[in-house]
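Accompanying notes for the structure given below.
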Amino acid sequence: MSASTTTNSPSVQNMINEMNVAIVSLARYGFPVIFIFGVVCNVLNVYVFTKPTLRTNPCCMYFLSSSVTALLFTVFNLPIRTLQLGYSIDLTVDSVVGCQVRTYLVFVWRALTVWFLVFASFDRFLHSSSDGNIRKWSSFRIAIRAIVITSILVHAAYAHVLAYYEIIPTRRTCSVMNSSYVYFLGIWHLVMYGTGPPLLMLIFSLLTIRHVRSRRIMPTAQATSAHHNGSNKEKNLIRMALFQCLLVGSTTIAYAICQFYIIFTTDNVKSSLRVAIENVFINVIGAVSAAGHSVSEQFFETSDDTTSADRPSPSVVTVNVSGNRFQVYPSTLDVNPTTLLGNAKKRQQYWNDENRGVFLW
């Protein structure tokens, strides 16, 4: 951004100084809060999504991957930004390699965080379909492959950052000298992070809602208690995906608007007051965007529905009744179904009580 060299009046200079103080205060006191909140929430996410009952769920794998990259972004980027803006200490200005690697990783981890959420939304769209051929694409094996391929592609998509970022001696900052690349990078990151993922999340979320509504009006047989618990967990994952898409989408859209403004006003000559206002705006939006990646899905995992769904499911018992072999889910009550098989009346009462036992053919 170009600034004019016009001398500012005392009142204008006071406003500029106050804005600069506001940025310093945000970095010193706001960024550490976001850092602590982000670390705690994302560590809890990793703990929850690695539970035995969840770690083979494809949607949970996407949430887990998003939480890991969000944690890396938070731990790696926010302390550096706090030192830069709050204390005028830049750890990257003495090393070109450090400047390039730090910028590259921040771009990659920020983008991966939202792209994994896109896949979580897509997985919920697949899983909510009434078509079995579509639902089979929601699988753990496919999720692992998608995570690996996406990681490789996003790392490759930002490789150009390593070639163009450098130390600018006159300003002692890690930035870009090539003005053409500034335009390219702004538009590229806008598509890869600011607008592309939120748009895809919105599309898949709307399609998921459509699937859920269409399945609600379909006639269904009486659900078993085991199926009911599994259904609660799936509904909770859908709600989690929709909430996360709404939250991250809103923060990335704000970031996209900021990027648009920066790109199309780069060559404008601006007053010192305008530059100060823009710096406040840019840093506040950046903080909001970072905070958006810190909000935890843990709040949904601890809801009543999911808690009941995440309890260890009872083991399957194989029994013989009148020479026929059946697999049985015992009830959550401490009742051994095999002790009831010798009494026909008790056996019939046991299996007729849908709250205590379920036949699986």
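Take the sequence shown: its position 92, counting from 1, is numbered 242 in this note's numbering, and each next residue is one higher. We treat Cβ as the ideally placed atom computed from N, Cα and C, and that holds for glycine.
Our two residues, S325 and N433, have alpha carbons roughly 16 angstroms apart in a direct line. With respect to S288, P208 sits close: the two C-beta atoms are nearer than 8 angstroms. For secondary structure counted as the beta strand (DSSP E) over 3 or more consecutive residues, the region 245-286 holds no complete run. By the criterion of a C-beta distance shorter than 8 angstroms, F290 is surrounded in its chain by T206, N207, P208 and M211, once the five residues flanking it on both sides are discounted. Within the DSSP secondary-structure output, T323 pairs in a beta bridge with I318. In the three-state DSSP reduction, V243 falls in the coil class, being neither helix nor strand. Distance from the Cα of L235 is smallest, within the candidate group A437, V332, H443 and L303, for A437. Contact between A307 and F269 is ruled out by a C-beta separation of about 16 angstroms, above the 8 angstroms threshold. Linking L228 to L241 through their CA atoms gives a straight-line distance of about 13 angstroms. Listed in chain order, the non-local C-beta contacts of H305 below 7 angstroms within the same chain comprise V258, local neighbours out to five positions each way being set aside. For P182, the enclosing alpha helix (DSSP H) starts and ends at F181 to F199.
Taking all protein chains in view, the Cβ of F226 is surrounded by fewer than 16 other Cβ atoms within 10 Å, so the residue is classified as exposed.
In the structure shown, R178 falls within a helical segment according to DSSP collapsed to helix, strand and coil.
About 44 angstroms separates the Cβ atoms of S161 and N192, ruling out a contact at the 8 angstroms cut-off. If you draw a straight line from the Cα of R360 to the Cα of G442, it is about 26 angstroms long. Distance check between S330 and each of Y314, Y237, S238 and F393 places Y314 closest, using alpha-carbon atoms only.
When secondary structure is reduced to three states using DSSP, N167 falls in the helix class.
If you draw a straight line from the Cα of N418 to the Cα of I412, it is about 10 angstroms long. Around the C-beta of M327, fewer than 16 other C-beta atoms lie within 10 Å, and the residue is accordingly described as exposed.
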